[in-house]
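The sequence shown maps to residues 346 to 664 in my numbering.
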Amino acid sequence: MTRRADGVDLFLEMLAAERAAAPNTLAAYEADLRSCADSLARCGETLADATTQGLRHWLADLAQDGQSRRTVARRLSCIRQFCLFQLREGLRADNPATSLDTPRPERTLPRFLSESEVLALLEACLPLSGASSAKWRRGLVARAALELLYASGLRISELLALPRQALGRDARMMMVRGKGGRQRLVPLSDSAREAAQALLQADAMLQSPYLFPGRVPTRAMTRQAFDRILHDVGLRAGLDPARLSPHVLRHSFATHLLAHGADLRALQVLLGHADIATTQIYTHVQTERLRQVVAEHHPLAAGAESATDAAEGGTAAKG
């Protein structure tokens, strides 16, 4: 197999070997590098001889395409790592990415469900009595998956990769392999454990190595298959499926824990965040919720709003 002269193949191999990057991560890095290479080609440059000006043209192209600042910053991070890799490997003598400015990140708060909405979602999992065996099993899958996502704050990739042996009958904790191969212990609620055991019983004859097997039992369920299940359950629960995703359930887990007094450092460990700065976004969620509560329910806030409305009405009457 012929290697690319710009070092892209070597870079991706390094990410896989030294950082245990997942296949999806490697695919994202390769797509970012391909995007940069396409833009550089229009300037008469390549990844091997890119200039700072050429990289700035690429960033301008991304912004012009309407990509968010978060996406631009992520792609710039990829190129910075790649240019540093080229320098360290002796593929070039300079680093054209050192003077590139990172876009200021947009402050976006994570979306989450209310506690009553989560309960409605869980209750909508199991079909009515008399349903076919296929629909009944689909309900068991939905219930076990949603219980684990909400009770343990798992990422969808972590959930679908769970082996059958991940939880024992009386287990209170479960070992999860997260990003970069890092392992952590997450708690199991009684209802999550019971839902998973019910699914294991139903799938006893499948002999799959996974807790959530796909159509082919030797493989795990795909993300797309789970998304379809979540969409159907959301409709049955009376929730807009556009508001639902596995990450929304993870955000709900974190937000509800914090609302009930959980420690931020403990939340970091439960979520598997390498940096507590990532976890601190949930303090902003709490601050925004408190602001909304005061605006909606505090008598002075309501009075101020009424006074504003009255003043506007009086002005309009005079006019």
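Note that CB positions come from ideal geometry on N, CA and C, so glycine has one too.
Computed from a prediction, not measured in an experiment: that's the story for all the values here.
- If you compare the alpha carbons of His618, Gly606, Phe598 with that of Glu492, the shortest gap goes to Phe598.
- If you draw a straight line from the Cα of His402 to the Cα of Tyr374, it comes to about 19 angstroms.
- A straight-line Cα-Cα distance of about 11 angstroms links Leu432 and Thr443.
- When C-alpha distances from Asp585 are compared across Glu462, Ser380, Ala367, the shortest belongs to Glu462.
- Asp377 is a Cβ neighbour of Cys423, given a cutoff of 7 angstroms.
- Secondary structure note for Pro532: its beta strand (DSSP E) is the uninterrupted segment 528 to 532.
- Rounded to the nearest angstrom, the gap between the Cα atoms of Leu530 and Met519 is 5 angstroms.
- Look at the beta carbons and you see the segment 492 to 508 touching the segment 589 to 596: at least three pairs across the two are nearer than 8 angstroms.
- Going by C-alpha positions, Tyr627 is about 13 angstroms away from Ala611.
- Taking Thr563 as reference, the option from Gln569, Phe557, Ser553, Phe571 with the minimal CA-CA separation is Ser553.
- Nearest Cα to Arg517 within the set Arg538, Glu641, Leu507: Arg538.
- Across the set Thr567, Gly389, Tyr555, Phe457, the C-alpha of Thr567 shows the shortest separation from the C-alpha of Asn369.
- The residue from Leu392, Leu467, Asp572 with its alpha-carbon nearest to that of Leu436 is Leu392.
- Taking 7 angstroms as the cut-off, the Cβ atoms of Ala582 and Leu471 do not count as close.
- Residue Phe430 holds the alpha-carbon nearest to the alpha-carbon of Glu363 among Cys388, Asp383, Phe430, Ser413.
- Around the beta carbon of Pro508, fewer than 16 other beta carbons lie within 10 angstroms, which makes this residue exposed.
- Under the three-state reduction of DSSP output, Arg437 falls in the coil class, being neither helix nor strand.
- If one requires a minimum length of 4 residues, the alpha helix (DSSP H) runs lying completely within the segment 468 to 532 are 478 to 497, 501 to 505, in chain order.
- DSSP, read as helix, strand or coil, puts Pro455 in coil.
- Taken through DSSP and simplified to helix, strand or coil, Ala540 comes out as helix.
- The criterion of a C-beta distance shorter than 7 angstroms is not satisfied by Thr396 and Pro448.
- Of Glu460, Leu357, Gln412, the smallest CA-CA separation from Gln426 is found for Leu357.
- A distance below 8 angstroms between beta-carbons, with the five flanking residues on each side excluded, links Leu360 to the following residues of its chain, in chain order: Ala366, Thr370, Leu371, Tyr374.
- Thr624 counts as buried, since at least 16 other C-beta atoms from the protein chains shown sit within 10 angstroms of its C-beta.
- According to DSSP, Pro558 shares a beta bridge with Ala565.
- Residue environment: Asp548 is assigned as buried (16 or more neighbouring CB atoms within 10 Å of its CB, all protein chains considered).
- The beta carbon of Gly523 sits closer than 8 angstroms to those of Arg500, Glu503, Arg529, Gly617, all from its chain and outside the five residues before and after it, given in chain order.
- Contact between Leu407 and Arg420 holds: their C-beta atoms lie close to 6 angstroms from each other, under 8 angstroms.
- In this structure, Ala565 lies near Leu505, with their beta-carbon atoms less than 7 angstroms apart.
- Here DSSP, grouped into helix, strand and coil, assigns Ala549 to coil.
- The DSSP-derived three-state label of Gly579 is helix.
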